[in-house]
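As structure tokens, the structure follows; a few thoughts come after it.
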Amino acid sequence: MLVVFLTTPTLLTGQAIKWKETCLTTSEFDNRYASYSPDGKWIVFETNRDANWEIYVMDSQGKNLRRLTKDKADDRRPSWHPNGRKILFESNRDSAYAIYEMRIRSLKVKKMVDAPVGAQLVFASYGPQGQGIGAALKISDEESNIVMYRTKYPQLETLIKNGKRNTYPRFSPNGDEVLYFSRQDTENVDDEIYVFNMKTKQNRRLTHWPTHNFCPAWSADGTQVVYVTSMEEVRPELYIMDDTGGNPTRITYNKDGDTLPNWHPSEEKILFTGYRGGSFQICELYIHERPSK
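For the sequence shown, the numbering used here begins at 456 and goes up steadily by one.
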């Protein structure tokens, strides 16, 4: 298990917060797209250690590894149901990518949503009560829409559609807002982070950075957002900002890229995918030392 210490200056005090980074996987294969279970005890992720992409779980210490999917097709991008007993994932096991649901205990799988012909459904995640599923409907590399599938009314509802690339929807803890990243204001060139209010249907832009801001995720209380920003030579690093877009603070300084962050449901920890030693690994970041007041 690899442990490193990172020092990040805060914007408010100029002092440093010390973060501790631990790599939970160290294999020669790629391990990506990790998230904590709702109780924080388990981690689900995708890996290509079986010659194709499959879904695994491990405990929060990186031990007790268990394979969930066993299919010749690629099974990718898992996310937890709020009750912790089910996961969503994407798979092309029926020739085209669709969204599937698996029960963790029985490993029983059922297809939840098919994409329209010629399109793909990607980056799916449950709403807070598990009654809805948000996803990106990919039309092409230049165009994708944010859609929602409500389990009581099995049809796709379009939330964001503007002819540009909009992707990676993530519901706020109370379900009122949806984070996503988009190229709607950048001539489809660079990605910026937005939040869409489900009640008012209003859209707010949170980031303004001349390269890319992407893969946002809410903190457990909904007051902060962790996200990824492309740095020198397009090397991605992790940042945290307020839910209004204020106080952006860089929290990783690694020579290789960091991406796909997710908050712990109850602790000040962030799970992410780091490029370490020639492959992608699941890493964890938490505050080791705060500045004195």
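Think of the CB as a built atom: it goes at the ideal place given N, C-alpha and C, for glycine as much as any other residue. Treat the numbers as computed from the prediction; the structure is a model and nothing was measured.
Using DSSP with H/G/I as helix, E/B as strand and the rest coil, what is glutamate 723?
By 1-based counting over the sequence shown, the position of residue 723 is 268. DSSP places glutamate 723 in the coil class of the three-state scheme, outside both helix and strand.
Using alpha carbons as the reference points, say which of Leu715, Glu556 and Asn643 lies closest to leucine 693. Along the sequence shown, one-based indexing puts residue 693 at 238. Ranking the options by Cα distance to leucine 693, first place goes to Leu715.
* To do: Note down, in chain order, each residue of its chain lying with its Cβ closer than 7 Å to the Cβ of aspartate 569, except the 5 sequence neighbours on either side.
  => The residue you call residue 569 lines up with position 114 of the sequence shown. Within the same chain, and ignoring the five residues on either side of aspartate 569 in sequence, the residues whose Cβ sits closer than 7 Å to its Cβ are Ala553.
*Leaving out the 5 sequence neighbours to the left and right, which residues in its chain are closer than 6 Å to alanine 528 when beta-carbon positions are compared?*
Within the sequence shown, numbered from 1, the residue matching residue 528 stands at position 73. Around alanine 528: Ser546, Asn547 and Arg548.
- If we ignore side chains and look at the alpha-carbon of each, how far apart do isoleucine 472 and phenylalanine 544 end up? Within the sequence shown, residue 472 is the residue found at index 17, counting from 1. Within the sequence shown, residue 544 is the residue found at index 89, counting from 1. If you take the alpha carbons of isoleucine 472 and phenylalanine 544, they lie about 35 Å apart.
inquiry  = Excluding the 5 residues flanking asparagine 538 on each side, which residues of the same chain have their C-beta closer than 8 Å to its C-beta?
reply    = Position 83 of the sequence shown holds residue 538. Cβ within range, chain order: Pro493 and Gly585.
* Say whether the stretch 480-499 touches the stretch 722-732, bearing in mind that this needs 3 or more beta-carbon pairs closer than 8 Å, one atom from each stretch. => Counting C-beta pairs with one atom in each stretch, the stretch 480-499 and the stretch 722-732 have three or more that are closer than 8 Å, which means they touch.
If you follow the beta strand (DSSP E) that phenylalanine 544 is part of, which residue opens it and which one closes it?
In the sequence shown, residue 544 corresponds to position 89, counting from 1. Counting along the chain, the beta strand (DSSP E) containing phenylalanine 544 begins and ends at 541-549.
Where do the N-terminal and C-terminal ends of the beta strand (DSSP E) with aspartate 530 fall, by residue?
As a first step, residue 530 is located in the sequence shown; it is residue number 75 there, counting from the start. Element bounds for aspartate 530: 530-535.
Worksheet item: Between the beta-carbon of tyrosine 623 and the beta-carbon of tyrosine 608, is there less than 8 Å?
Response: In the sequence shown, residue 623 corresponds to position 168, counting from 1. In the sequence shown, residue 608 corresponds to position 153, counting from 1. Contact annotation: tyrosine 623 and tyrosine 608 have beta-carbon atoms that are not nearer than 8 Å.
Report the residue ranges of all beta strand (DSSP E) runs contained in full by the stretch 694-723; include only those spanning at least 3 residues, in chain order. The stretch 694-723 contains, as complete beta strand (DSSP E) runs of 3+ residues, the segments 713-718 (chain order).
To which residues of the same chain is arginine 522 closer than 7 Å at the C-beta, ignoring the five residues directly before and after it? Along the sequence shown, read from residue 1 onward, the residue named residue 522 stands at position 67. Within the same chain, arginine 522 has close Cβ partners Glu509 and Tyr511.
Could you name the residues of the same chain whose beta carbon sits closer than 6 Å to that of serine 674, not counting the 5 residues immediately before and after it, in chain order?
-> The count along the sequence shown starts at 1 and reaches residue 674 at position 219. Only Trp718 meet the Cβ criterion.
ask   = Just the Cα atoms here: how many angstroms apart are proline 665 and aspartate 646?
value = One-based indexing of the sequence shown puts residue 665 at position 210. One-based indexing of the sequence shown puts residue 646 at position 191. Rounded to whole angstroms, proline 665 to aspartate 646 spans 9 Å at the Cα level.
By DSSP's criteria, lysine 565 is part of a beta bridge. Which residues make up the other side?
Mapped onto the sequence shown, residue 565 falls at position 110. When DSSP reads this structure, lysine 565 sits in a beta bridge with Glu556.
- Taking 8 Å as the cut-off, decide whether the C-beta atoms of asparagine 643 and glutamate 597 are in contact. For the purposes of this step, residue 643 is taken as residue 188 along the sequence shown, with counting starting at 1. For the purposes of this step, residue 597 is taken as residue 142 along the sequence shown, with counting starting at 1. It is a contact, given that the beta carbons lie within the stated cut-off.
Three-state class that DSSP yields for glutamate 688 in the structure shown:
Start at 1 with the first residue of the sequence shown, and residue 688 comes out as number 233. Correct three-state label for glutamate 688: helix.
**Q.** CB contact flag (asparagine 629, glycine 677, <8 Å)
**A.** Locating residue 629 in the sequence shown gives position 174, counting from the first residue. Locating residue 677 in the sequence shown gives position 222, counting from the first residue. Result yes, Cβ atoms of asparagine 629 and glycine 677 sit closer than 8 Å.
Practice item. Please classify isoleucine 594: does DSSP put it in a helix, a strand, or coil? Key: Counted from its first residue, the sequence shown places residue 594 at position 139. Note: isoleucine 594 maps to coil in three-state DSSP.
* Asked: Taking the beta strand (DSSP E) that aspartate 514 falls in, what are its first and last residues?
  -> By one-based count along the sequence shown, residue 514 stands at place 59. Where aspartate 514 is concerned, the enclosing beta strand (DSSP E) stretches over 509-514.
Same chain only: Cβ atoms within 6 Å of glycine 582, ignoring 5 sequence neighbours per side
What you label residue 582 is simply residue 127 of the sequence shown in a count that begins at 1. Cβ within range, chain order: Phe626 and Gly630.
Quiz item: Going straight from the alpha carbon of proline 671 to that of glutamine 679, what length do you get?
Solution: Reading the sequence shown from its first residue, position 216 is the one you call residue 671. Reading the sequence shown from its first residue, position 224 is the one you call residue 679. For the pair proline 671 and glutamine 679, the Cα-to-Cα distance works out to about 10 Å.
Whole-number beta carbon distance between glycine 589 and methionine 633, since they are thought to touch under 8 Å:
On the sequence shown, residue 633 is found 178 positions in, with the first residue counted as 1. On the sequence shown, residue 589 is found 134 positions in, with the first residue counted as 1. Checking the sequence, you will find valine at residue 633 rather than methionine. Going by Cβ atoms, the distance from valine 633 to glycine 589 rounds to 6 Å, so yes, they are a contact pair.
| Going by other Cβ atoms of all chains shown within 10 Å of its Cβ, with 16 needed for buried, is leucine 467 buried or exposed? | As a first step, residue 467 must be located in the sequence shown, where it is residue number 12. Model confidence at leucine 467 stands at a pLDDT of 34, short of 50, so the residue's coordinates are unreliable; what they give is reported in the following sentence. Leucine 467 comes out exposed.
In whole angstroms, what is the alpha-carbon distance linking proline 571 and arginine 638? Position 116 of the sequence shown, counting from 1, holds the residue named residue 571. Position 183 of the sequence shown, counting from 1, holds the residue named residue 638. Between proline 571 and arginine 638, the C-alpha separation is close to 23 Å.
So is threonine 622 in contact with chain D if we call contact Cβ pairs under 8 Å?
In the structure shown, chain D cannot be found, because there is only a single protein chain.
| said: What does the Cβ neighbour count give for lysine 525, buried or exposed, with the cut at 16 atoms within 10 Å? | reply: Here residue 525 corresponds to residue number 70 of the sequence shown, with the count starting at 1. The residue in question, lysine 525, is exposed, as its Cβ has fewer than 16 Cβ neighbours within 10 Å.
#### Entry: Selection from Ile615, Arg620, Pro691 and His663 that minimises the alpha carbon distance to glutamine 657
Numbered from 1 along the sequence shown, position 202 holds the residue referred to as residue 657. Selected option, being the one with the closest Cα: Ile615.
task = Could you check the C-alpha separation between asparagine 503 and aspartate 530 for me, to the nearest Å?
result = Along the sequence shown, one-based indexing puts residue 503 at 48. Along the sequence shown, one-based indexing puts residue 530 at 75. So the alpha carbons of these two residues sit roughly 10 Å apart.
Next item on the list: Can you grab the Cα-Cα spacing for the pair aspartate 713 / isoleucine 542, in whole Å?
Entry: Here residue 713 refers to the residue found at position 258 when the sequence shown is read from its first residue. Here residue 542 refers to the residue found at position 87 when the sequence shown is read from its first residue. Looking at the two C-alpha atoms, the distance is approximately 24 Å.
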